[in-house]
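For the protein sequence lines, the chains are A and B, in the order given. Residue 155 in UniProt numbering sits at position 155 of the first sequence; the count goes up by one each step and never skips. Residue 163 in UniProt numbering sits at position 163 of the second sequence; the count goes up by one each step and never skips. Glycine included, C-beta positions come from ideal geometry on N, C-alpha and C. Being a predicted model, the structure only gives us computed values, none of them experimental.
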Amino acid sequence: MTAFEPNRRRIIAGTAAAAGAMAFGFGRASAQAGAPIVLGGSIPLTGVFAFAGIGIHAGIQDYLKILNDGGGIKGRPVKYVAEDTAYKVDASVAAFNKINSQEKVSLYYGDSTGFAKTINSELDRRGTMIMAGASFATELNDPKKYPLQFMAGPDYTEMFGILLRYIAKEKPGARVAFVYSDTEFGRDPIVLGEALAKELKLAVVEKIVTPPGSVDVSTEVLKLRRANPDFTIFHGYVLAPIPEFITQAKQMGMRSAFMGTFWTMDNSTVQRMGDAAEGFMGVMPYRYYYDRDGSAPMLDRIRQMRPDYQSTGYLQGFVTAMLLTEAAKRTLDAGKDLTGPNLKAGLNSIKDFDTGGLFGVPISIPGNSVPVGRIYRFDAKAKQMQPASDWIKL
Amino acid sequence: MDALFLAEVMLAGIGSGALYALTGVAFVLIYKATRVVNLAIGEILMLGGYAFLGFAAGLGLPAIAALVLAVVTGGLLGWLVERSLIRPMLGESPISVFMVTIGLGSILVGLVQLGWGADPLRLPEFMPATPVFIGDAYLAPKVAVGFVAAAVVIAAFLALFRFSRSGVALKATAGDQGAAYSVGIDVPRVFSAAWILACATAAGAGVLVGAIGGISPTMGVFGLSVLVVVIIGGLDSIAGALVGGLLIGLVEALAGAFLGGEYKLVVTFTLLLLLLMVRPYGLFGTHEIERL
Chain A
1 MTAFEPNRRR IIAGTAAAAG AMAFGFGRAS AQAGAPIVLG GSIPLTGVFA FAGIGIHAGI
61 QDYLKILNDG GGIKGRPVKY VAEDTAYKVD ASVAAFNKIN SQEKVSLYYG DSTGFAKTIN
121 SELDRRGTMI MAGASFATEL NDPKKYPLQF MAGPDYTEMF GILLRYIAKE KPGARVAFVY
181 SDTEFGRDPI VLGEALAKEL KLAVVEKIVT PPGSVDVSTE VLKLRRANPD FTIFHGYVLA
241 PIPEFITQAK QMGMRSAFMG TFWTMDNSTV QRMGDAAEGF MGVMPYRYYY DRDGSAPMLD
301 RIRQMRPDYQ STGYLQGFVT AMLLTEAAKR TLDAGKDLTG PNLKAGLNSI KDFDTGGLFG
361 VPISIPGNSV PVGRIYRFDA KAKQMQPASD WIKL
Chain B
1 MDALFLAEVM LAGIGSGALY ALTGVAFVLI YKATRVVNLA IGEILMLGGY AFLGFAAGLG
61 LPAIAALVLA VVTGGLLGWL VERSLIRPML GESPISVFMV TIGLGSILVG LVQLGWGADP
121 LRLPEFMPAT PVFIGDAYLA PKVAVGFVAA AVVIAAFLAL FRFSRSGVAL KATAGDQGAA
181 YSVGIDVPRV FSAAWILACA TAAGAGVLVG AIGGISPTMG VFGLSVLVVV IIGGLDSIAG
241 ALVGGLLIGL VEALAGAFLG GEYKLVVTFT LLLLLLMVRP YGLFGTHEIE RL
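What follows is the structure, encoded as structure tokens:
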């Protein structure tokens, strides 16, 4: 036994050394080659925004699958770690903290304006990641105040800008009404939108605000009829109360054209407006799932992966994941570490970038937004939103 | 300000107030009989909307059959909830029962989302689309239909409590449970009937609300806004729900038209505060109501 002891010690020591080498030596080498880049997400899979959150979740997953199947970013896969938030800011913050305590997160998807504003100082303090999300709030489009955030499309004021430019071109001097919900989301573009309308020599004849969750809008329609606008822009809603608004307005013989902004623009949502959908217009930064005009290889890929119609939420998640990972790719290509400021610099280096045709034109991101969009109009025969203008770049 | 506009605004207000009143009745029925504030009324209302969608669009039944079945579904749910969740809670503190109804609401939202998804949906069009004109004043046809339906249902309930034996039994139970027992009234059965009637009413209101504003798993918040109506009217008074509903509908419409939509809730809740200071038991409520 005594003669055997040293041998056993040696064996144990040797095994430990080998294990250590594997853990620290080989493990380290493989980490450099293939350690995943983490994209975290506070995703609203339940609650009032779930209709979009479920699509966003699928869009992010699909883009990352395409990316990872193609070898990831410089050989590193991108790992998606998401938590449901029910579209509540406290739950979003809890999800953020949980994911960050378990993973080294470089890219993040946030679900609301409230969360984006709440978490901003923490993002700056950490300095380890960039964030985009479901919010197109005008306030977030300020690289000084929100240096590590961006949005994968125009902000709400820019959306109004695209709509108003279209109106000014179609009918100079037109009478315009804004109908919006009494929420942060609804109020966002109203003041700046009104100023822009004045610049474009359009008359804002009525601004109607509806309390959140209101069902019956008869009173508001009466006000709208008295204002008699040529164009009515809805903002801060998804579906209700837009269909009832349009139905009642048409019953009263109003001839206004009705328009919406991005989160109202999903094709299946507009279809659900029934008869009210005919002629409904709005601004979209991306091509629709079914668009066949122009070259869009990435849309072809999506259609291969998912033969059924995918929502605008899906496209938003998909494009956001694409831009987040493009920022990571550019940062690594430049030989820099994946820190927040480096990632944002990588993102801002995006110039005339082809998103595989998801945006209709090559895009640049000099600041925090991508101010590009096109007007689509609902065609009841085709049951589809169809292009009504060229791509408008602000 | 022209008189026609004022008339139209008031008509619109009374129309939407009728929907508040109808949903308010569902709160009142349960509170009156069992002293439970059922916070799941909004979600049962939502379920009514989805049940209608399932019967009308899913099974392709005619609208009237789908409406009846949606109301029956609401009633069945009421019976099930009362027997399985509420009756075992008899004798527990009101707060415990109150919490059970909150939990029930969350479960219903989850079930609907599992079954129909989270997207907002529209009900098949089944109401007349011809505008209604009272004199020269326009009234949206759906709002007019909602008003008539609510008026008929509330009148039926008022008659039921005044003239039918079961209505009198419910009133007796509400007045004094012990005394009601002693004169041979089957109190648990009264509880059950109250839940069935209330949930059936809420489901019917859900079809009307859904026909106007569309349905989504989160439409239950409408029920919560109706809580204000019944507090103003008096938690245990059907006439109170009617008056409270019409009053709030009218006040909201006038505030929305002349002050702006952002003032609707401010005016409503100011009214609630003032009223609670003067009559803490509501306009028509019984004096000794226990408040939460």
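Which listed residue (the options) has its alpha carbon closest to that of residue i
i        : options                                : result
B:Met99  : B:Leu274, B:Leu6, B:Val36              : B:Val36
B:Ile196 : B:Leu235, B:Ala21, B:Ala12, B:Ile30    : B:Ile30
A:Thr320 : A:Ala94, A:Asn97, A:Leu107             : A:Leu107
A:Arg377 : A:Thr312, A:Gly260, A:Arg292, A:Lys79  : A:Gly260
B:Leu283 : B:Ser216, B:Asp186, B:Leu246           : B:Leu246
A:Ile233 : A:Val283, A:Gln251, A:Leu299, A:Glu244 : A:Val283
A:Gly279 : A:Phe359, A:Asp111, A:Ala380           : A:Ala380
B:Leu39  : B:Ala3, B:Gly49, B:Ile107              : B:Ile107
A:Pro371 : A:Phe49, A:Met129, A:Gly133, A:Phe160  : A:Phe160
A:Gln384 : A:Asn267, A:Ile375, A:Thr312           : A:Asn267
A:Lys250 : A:Ile66, A:Val221, A:Val270            : A:Val221
A:Asp354 : A:Asp308, A:Gly294, A:Ala134           : A:Gly294
Anticipated Cβ contact below 8 Å, residue i with residue j, distance rounded
i        : j        : result
B:Gly223 : B:Ile232 : About 15 Å separates the two Cβ atoms, so there is no contact after all.
A:Pro189 : A:Tyr237 : Contact doesn't hold; Cβ gap of about 13 Å is too wide.
A:Ile162 : A:Gly373 : 4 Å
A:Phe262 : A:Asp62  : Not confirmed; about 20 Å, so no contact.
B:Gly75  : B:Cys199 : 6 Å
A:Arg225 : A:Met252 : 5 Å
C-alpha distance - residue i paired with residue j, whole-angstrom precision
i        : j        : result
A:Gly41  : A:Leu323 : 15 Å
A:Val105 : B:Leu104 : 37 Å
B:Gly117 : A:Arg272 : 14 Å
A:Ile99  : B:Lys142 : 48 Å
A:Leu64  : B:Gly91  : 56 Å
B:Trp79  : B:Val72  : 10 Å
A:Gly25  : A:Ala35  : Only weak support exists for where A:Gly25 lies, its pLDDT of 40 falling under 50; the coordinates are left without a value.
B:Met89  : B:Ile44  : 20 Å
A:Lys171 : A:Glu206 : 18 Å
A:Pro241 : B:Ser216 : 12 Å
A:Gln32  : A:Asn348 : Unreliable positioning characterises A:Gln32 in this predicted model, as indicated by a pLDDT of 47, which lies under 50. The coordinate reading is nonetheless provided below. Cα to Cα, A:Gln32 sits roughly 26 Å from A:Asn348.
A:Ser121 : B:Val81  : 47 Å
A:Ala388 : A:Met281 : 8 Å
B:Gly15  : B:Gly285 : 24 Å
A:Met22  : A:Pro77  : Any reading at A:Met22 must be qualified, since the residue scores a pLDDT of 43, below 50, and its modelled position is unreliable; no value is offered.
A:Ile54  : A:Asp275 : 27 Å
A:Thr138 : A:Ile365 : 15 Å
A:Asp124 : A:Arg303 : 38 Å
A:His235 : A:Ala152 : 19 Å
A:Ser101 : A:Ala94  : 11 Å
A:Asp69  : A:Lys336 : 24 Å
A:Lys79  : A:Phe115 : 22 Å
A:Phe359 : A:Arg187 : 26 Å
Closer than 6 Å: residue i CB and nearest the ligand GTP heavy atom
i        : result
A:Lys169 : No copy of the ligand GTP occurs in the structure displayed, which carries no ligand at all.
Beta-carbon proximity of residue i to residue j, cut-off 7 Å
i                      : j        : result
A:Gly346               : A:Ala327 : yes
B:Ala51                : B:Ala70  : yes
residue 396 of chain A : A:Ile208 : Nothing about residue 396 of chain A can be reported from this structure: the residues present for chain A run from 1 to 394 only.
A:Glu158               : A:Leu315 : no
B:Val153               : B:Ala144 : no
A:Ser181               : A:Pro212 : yes
B:Val9                 : B:Ala253 : yes
A:Val217               : A:Phe245 : yes
B:Thr173               : B:Val25  : no
B:Leu208               : B:Leu123 : no
residue 398 of chain A : A:Phe150 : Past the edges of chain A, shown from 1 to 394, lies residue 398 of chain A, and the structure says nothing about it.
residue 412 of chain A : A:Leu148 : Chain A is shown from 1 up to 394; residue 412 of chain A falls before or after that span and cannot be answered.
B:Ile248               : B:Tyr20  : yes
A:Leu239               : B:Pro120 : yes
With 9 Å as the limit, tell me which residues of the segment 220–233 of chain A have their beta carbon closer than that to any beta carbon of chain B; keep them in chain order.
Flagged, chain order: Glu220, Val221, Leu222, Lys223, Arg225, Arg226.
What are the residues of the segment 268–298 of chain A that lie near chain B, defined by any Cβ-Cβ distance shorter than 8 Å?
Ser268, Thr269, Arg272, Met273, Gly274, Asp275
Going along the chain, which residues of the segment 122–152 of chain B sit with their C-beta nearer than 9 Å to a C-beta in chain A?
Arg122, Pro124, Glu125, Ala129, Thr130, Pro131, Tyr138, Leu139, Ala140, Pro141, Lys142, Val143, Gly146
Which residues, in order along the segment 311–323 of chain A, keep a beta-carbon less than 8 Å from a beta-carbon of chain B?
Those residues of the segment 311–323 of chain A that come within reach of chain B (Cβ to Cβ, closer than 8 Å) do not exist; the list is empty.
Positions along the segment 237–268 of chain B whose CB lies within less than 7 Å of some CB in chain A:
Among the residues of the segment 237–268 of chain B, those with a Cβ less than 7 Å away from any Cβ of chain A are Ala253, Gly256, Ala257, Gly260, Gly261, Glu262, Lys264, Leu265, in the order of the chain.
Can you give me, in chain order, the residues of the segment 90–107 of chain A that have a beta carbon less than 7 Å from any beta carbon in chain B?
Using a CB distance below 7 Å, no part of the segment 90–107 of chain A faces chain B.
What residues in the segment 32–58 of chain B have a beta carbon less than 9 Å from any beta carbon of chain A?
none
According to a CB-to-CB cut-off of less than 9 Å, which residues of the segment 382–394 of chain A neighbour chain B?
none
What residues in the segment 330–353 of chain A bring their beta carbon closer than 8 Å to a beta carbon of chain B?
From the segment 330–353 of chain A, no residue has a Cβ closer than 8 Å to chain B.
Cβ-based contacts, 7 Å cut-off: residues of the segment 106–118 of chain B near chain A:
Listed by position along the chain: Gln113, Ala118.
For the segment 127–151 of chain A, enumerate the residues whose C-beta is nearer than 9 Å to any C-beta of chain B, in chain order.
none
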